[in-house]
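The sequence shown: position 28 = 1041 (the working numbering), numbered continuously.
All C-beta atoms in this analysis are idealised placements derived from N, C-alpha and C, irrespective of residue type, glycine included.
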Amino acid sequence: MHPEYNASLKDYNTFGIDATCKVMHRFSSATDLIAVLKNGEFKSLPRLILGGGSNVLLSGDFEGLVLKNEIKGVELIDTTESEYIVKVGAGENWHQFVLRCIDEGWAGLENLSLIPGNVGASPMQNIGAYGVEIKDRFQELEALNLETLEIETFRADDCAFGYRESIFKRAYKDRYIILSVTFRLLKEPKLNTSYGDIENELERMKVSPSIKSVSDAVIRIRQSKLPNPAELGNAGSFFKNPIVSQKAWSEISVKHPEIPNYPAGTEKVKLAAGWLIEHAGWKGKRMGNCGMHEKQALVLVNYGGATGREIMEHAERVQKSVFEKFGVELEREVNLI
Ligand code: FAD
Ligand code: EPU
């Protein structure tokens, strides 16, 4: 465990932004982390906690301390009549953990296959895909309070999980470092194949539904439209799907009834941001070094050499034009650093 000064962050953010930080420190236990935080040399520096860097946009060099979470371990800590209780180190790769669950027969996370990043970031925005969010299988997490340096436990009710939201993105932003996440996984799978193309994909694959085949189907669907960050820099959906009131939707739908929309609770409606961006003319359109992806207009890609500033300017152009055309505001999903 030693500090890396003027470290490059290019390989640590999936946008591939070529930025540096003043100093980077990796840690693989809470004890190591506390030692770094107590070190007088680093105390006054701004901090950035980094997992896999797949949901951050670096606006420039980071003049502070990057804490790279490498806490490992997957442990079956308990079983109940219907569930396996599994505690996972925050530095474990998310997709490798999902594959491990499938091998072990621990059900419930298969729809979340192939999401990049680490386990520790999964509660930050309550990651979700294909009809499942981690809150559905979440038991608790442990996090280090950066003010007191005490470890605290948060149950689901404490986390204020919502659509791509949690208390750690809002009121507790930059106040905690998540050390581990514990999941309640099912002994008897309850397969969720209702979302999107999963059923069609299973038919194409000529396989019956199981946690393994659902995971394989999700992987195939994702690979068919989402760019692989190893080939084309991106951070997944750049914006959230906007949620509007029923009243707003009834006004928008007079002019644009064709916008894909889904109920969000009883009184709100979620609109497909990818559709709005595509129909504002941005899909596959390259400007300088970036643009909205040709197969998924919600994904802003770096064709190579884009700066964080260039990406933000492009995102603002897209937001402005969607608002002018449809009267809908797009909110950023990616964390701007
Ligand atoms: P990072 O990018 O490293 O960090 C994200 C934020 O969390 C930062 O603010 C960081 O400071 C903070 N953070 C990270 N670790 C910790 C910690 N241990 N404690 C406290 N704060 C922490 N997301 C979805 O929800 N669904 C998807 O389907 C999806 N698909 C994607 C597809 C692609 C191709 C890509 C590139 C991204 C996708 N994402 C998706 C977004 C991203 O993968 C998730 O948000 C993921 O959880 C980010 O993990 P990370 O470790 O890379 O986090
Ligand atoms: N659409 C278009 N044009 C596009 C893209 C999408 O018209 O270019 C339409 C589709 O035809 C469909 C609708 O928009 O009717 C939804 O598209 P899709 O199923 O591809 O999903 P999404 O809403 O664009 C969300 C998540 C993804 C997640 C998928 C699958 C958000 C912000 N994004 O995308 O999460 O993987 O659903 O569940 O909620 C992420 O958060 O980074 C992410 C990739």
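Margin query: Across the segment 1082-1090 and the segment 1098-1109, are there enough close Cβ pairs to call them in contact, namely three or more that are closer than 8 Å?
Written below: Flag = yes, the segment 1082-1090 and the segment 1098-1109 touch.
Notebook entry, point to check: Which residues bound the alpha helix (DSSP H) around Cys1114?
Noted result: Taking the sequence shown and counting its residues from 1, one reaches residue 1114 at position 101. Its alpha helix (DSSP H) spans residues Trp1107 to Glu1117.
Next item on the list: Can you say whether His1306 is buried or exposed, counting buried as having 16 or more other CB atoms within 10 angstroms of its CB?
Entry: Position 293 of the sequence shown, counted from the start, is the residue given in the question as residue 1306. Within a 10 Å sphere around the beta-carbon of His1306 sit 16 or more other beta-carbons, which makes this residue buried.
Notebook entry, point to check: Is the closest heavy atom of the ligand EPU to the C-beta of Ala1351 under 7 Å?
Noted result: Residue coverage of the chain in this structure runs from 1014 to 1350, which leaves residue 1351 outside it and unanswerable.
Next item on the list: Tell me whether Gln1424 sits in a helix, a strand or coil according to DSSP, three-state version.
Entry: Because the chain here runs from 1014 to 1350, residue 1424 falls outside it and cannot be looked at.
Next item on the list: Measure the alpha-carbon distance for Ala1032 versus Asn1247 and round it to whole angstroms.
Entry: Position 19 of the sequence shown, counted from the first residue, corresponds to residue 1032. Position 234 of the sequence shown, counted from the first residue, corresponds to residue 1247. Roughly 15 Å between the two C-alpha positions.
Next item on the list: Classify Met1025 as buried or exposed, calling it buried when 16 or more other Cβ atoms lie within 10 Å of its own Cβ.
Entry: Residue 1025 sits at position 12 when you count from the first residue of the sequence shown. The residue asked about is misnamed: residue 1025 is Tyr in this sequence, not Met. By the neighbour-count rule (16 or more Cβ atoms within 10 Å), Tyr1025 is buried.
Next item on the list: Say yes only if the C-beta of Ser1250 is nearer than 7 Å to one or more non-hydrogen atoms of the ligand EPU, and no if none qualify.
Entry: Taking the sequence shown and counting its residues from 1, the one referred to as residue 1250 is at position 237. Ser1250 Cβ: within cutoff of the ligand EPU.
Next item on the list: Enumerate in chain order the residues of its own chain whose CB-to-CB distance from Ile1232 is below 8 Å, with the five nearest sequence positions on each side excluded.
Entry: The residue labelled residue 1232 in the question sits at position 219 within the sequence shown. Excluding positions up to five away in sequence, the list reads Ser1126 and Leu1127.
Note to self: Which residue marks the beginning of the alpha helix (DSSP H) containing Glu1337, and which one marks its end?
What the structure shows: As a working note, residue 1337 is residue 324 in the sequence shown. Segment Gly1321 to Phe1339, the alpha helix (DSSP H) holding Glu1337.
Next item on the list: Flag this pair as yes or no: are the beta carbons of Asn1349 and Leu1070 separated by less than 8 Å?
Entry: If you number the sequence shown from 1, residue 1349 lands on position 336. If you number the sequence shown from 1, residue 1070 lands on position 57. Here the sequence assigns Leu to residue 1349, which means Asn is not the residue at that position. Leu1070 sits close to Leu1349, with the two beta carbons spaced by under 8 Å.
Checklist line | Residue range of the unbroken beta strand (DSSP E) whose run includes His1038 | finding: Within the sequence shown, numbered from 1, the residue matching residue 1038 stands at position 25. It spans Cys1034 to Phe1040 - the beta strand (DSSP E) in which His1038 sits, taken as one unbroken run.
Check: Is it the case that the CB of Lys1338 approaches a heavy atom of the ligand GDP more closely than 7 Å?
Finding: No copy of the ligand GDP appears in this structure; the ligands present are the ligand FAD and the ligand EPU.
Note to self: Out of Tyr1189, Phe1336, Val1099 and Gly1321, which one is the CA nearest neighbour of Arg1060?
What the structure shows: On the sequence shown, position 47 is the one that residue 1060 refers to. With distances taken between Cα atoms, Arg1060 lies closest to Tyr1189.
Check: If you drop the 5 nearest sequence neighbours on each side, which residues of the same chain put their C-beta closer than 6 Å to that of Gly1249?
Finding: On the sequence shown, position 236 is the one that residue 1249 refers to. A distance below 6 Å between beta-carbons, with the five flanking residues on each side excluded, links Gly1249 to no residue of its chain.
Item checked: Rounded straight-line distance, which links the Cα of Ile1115 to that of Val1227 -> The sequence position of residue 1227 within the sequence shown is 214, counting from 1. The sequence position of residue 1115 within the sequence shown is 102, counting from 1. Looking at the backbone, the Cα of Val1227 and that of Ile1115 are separated by about 10 Å.
Notebook entry, point to check: Under a Cβ-count criterion, where at least 16 other Cβ atoms within 10 Å of its own Cβ denotes burial, should Ser1135 be classed as buried or exposed?
Noted result: Counting from one through the sequence shown, the residue named residue 1135 turns up at place 122. By the C-beta density criterion, Ser1135 is buried, having at least 16 other C-beta atoms within 10 angstroms.
Notebook entry, point to check: Sorted by chain position, which residues of the same chain lie with C-beta nearer than 8 Å to Pro1270's C-beta, five sequence neighbours on each side aside?
Noted result: Within the sequence shown, residue 1270 is the residue found at index 257, counting from 1. Cβ within range, chain order: n/a, list empty.
Next item on the list: Could you tell me if Val1267 is buried or exposed, where buried requires 16 or more neighbouring beta carbons within 10 angstroms of its beta carbon?
Entry: For the purposes of this step, residue 1267 is taken as residue 254 along the sequence shown, with counting starting at 1. Burial state of Val1267 is exposed, judged by a 10 Å Cβ sphere holding fewer than 16 other Cβ atoms.
Check: Where does Val1132 sit, in a helix, a strand or coil, going by DSSP?
Finding: One-based indexing of the sequence shown puts residue 1132 at position 119. In this structure, Val1132 counts as helix in the three-state DSSP scheme.
Next item on the list: Express the C-alpha separation of Lys1260 and Ala1243 in angstroms, rounding to a whole number.
Entry: Working through the sequence shown from its first residue, we reach residue 1243 at position 230. Working through the sequence shown from its first residue, we reach residue 1260 at position 247. Roughly 42 Å separates the two Cα atoms.
Margin query: Quick check on the DSSP output: what are the complete beta strand (DSSP E) runs of length 3 or more inside the segment 1026-1100, in order along the chain?
Written below: 1034-1040, 1060-1063, 1075-1082 and 1087-1092, all fully within the segment 1026-1100.
Next item on the list: Could you tell me if the beta carbon of Tyr1018 falls within a distance shorter than 7 Å of some heavy atom in the ligand FAD?
Entry: Indexing the sequence shown from 1 puts residue 1018 at position 5. No.
Item checked: the ligand FAD heavy atom lying under 7 Å from the CB of Tyr1275 -> By one-based count along the sequence shown, residue 1275 stands at place 262. At a cut-off of 7 Å, the beta-carbon of Tyr1275 does not count as near the ligand FAD: no heavy atom of the ligand is closer than that.
Check: Does at least one heavy atom of the ligand FAD sit under 7 Å from the Cβ of Leu1063?
Finding: In the sequence shown, counting from the first residue as 1, residue 1063 sits at position 50. In this structure, the ligand FAD has a non-hydrogen atom nearer than 7 Å to the beta-carbon of Leu1063.
Next item on the list: Output the boundary residues of the beta strand (DSSP E) element that contains Arg1168.
Entry: Within the sequence shown, numbered from 1, the residue matching residue 1168 stands at position 155. In the DSSP annotation of this structure, the continuous segment of the beta strand (DSSP E) that includes Arg1168 starts and ends at Ile1164 to Arg1168.
Check: His1327 to Val1220, Cα distance in whole Å?
Finding: For the purposes of this step, residue 1327 is taken as the residue at position 314 of the sequence shown. For the purposes of this step, residue 1220 is taken as the residue at position 207 of the sequence shown. Cα-Cα distance, rounded: 42 Å.
Next item on the list: Decide if Glu1160 is buried, meaning its Cβ has at least 16 other Cβ atoms within 10 Å, or exposed.
Entry: In the sequence shown, counting from the first residue as 1, residue 1160 sits at position 147. Exposed, because fewer than 16 other Cβ atoms sit within 10 Å of the Cβ of Glu1160.
Next item on the list: Return the first residue and the last residue of the alpha helix (DSSP H) that Met1218 is part of.
Entry: In the sequence shown, the residue the question calls residue 1218 occupies position 205. From DSSP, the alpha helix (DSSP H) with Met1218 extends over Ile1211 to Met1218.
Next item on the list: Could you tell me how far apart the beta carbons of Gly1073 and Gly1321 are, in whole angstroms, since I believe they sit closer than 8 Å?
Entry: Indexing the sequence shown from 1 puts residue 1073 at position 60. Indexing the sequence shown from 1 puts residue 1321 at position 308. The Cβ separation is near 6 Å, so the contact holds.
Next item on the list: Determine the contact status of Ala1120 and Leu1198, defining contact as a CB-CB distance below 8 Å.
Entry: Within the sequence shown, numbered from 1, the residue matching residue 1120 stands at position 107. Within the sequence shown, numbered from 1, the residue matching residue 1198 stands at position 185. Ala1120 places its beta carbon less than 8 Å from that of Leu1198.
Check: Considering only C-alpha positions, which residue in the set Ile1147, Gly1287 and Pro1222 is nearest to Val1194?
Finding: Position 181 of the sequence shown, counted from the first residue, corresponds to residue 1194. Measuring C-alpha to C-alpha distances from Val1194 to each of Ile1147, Gly1287 and Pro1222 identifies Ile1147 as the nearest.
Next item on the list: State yes or no: is the C-beta of Ile1265 within less than 8 Å of the C-beta of Gly1340?
Entry: The residue labelled residue 1265 in the question sits at position 252 within the sequence shown. The residue labelled residue 1340 in the question sits at position 327 within the sequence shown. Yes, these two residues count as a Cβ contact at 8 Å.
Notebook entry, point to check: Excluding the five sequence neighbours on either side, which residues of its own chain have a C-beta within less than 6 Å of the C-beta of Lys1035, listed in chain order?
Noted result: Taking the sequence shown and counting its residues from 1, the one referred to as residue 1035 is at position 22. Taken in chain order, the residues that qualify are Glu1076 and Gly1077.
Checklist line | Inter-stretch contact (C-beta, 8 Å, three-pair minimum) for the segment 1149-1165 and the segment 1043-1051 | finding: Below 8 Å, enough C-beta pairs join the segment 1149-1165 and the segment 1043-1051 to call them touching: three or more.
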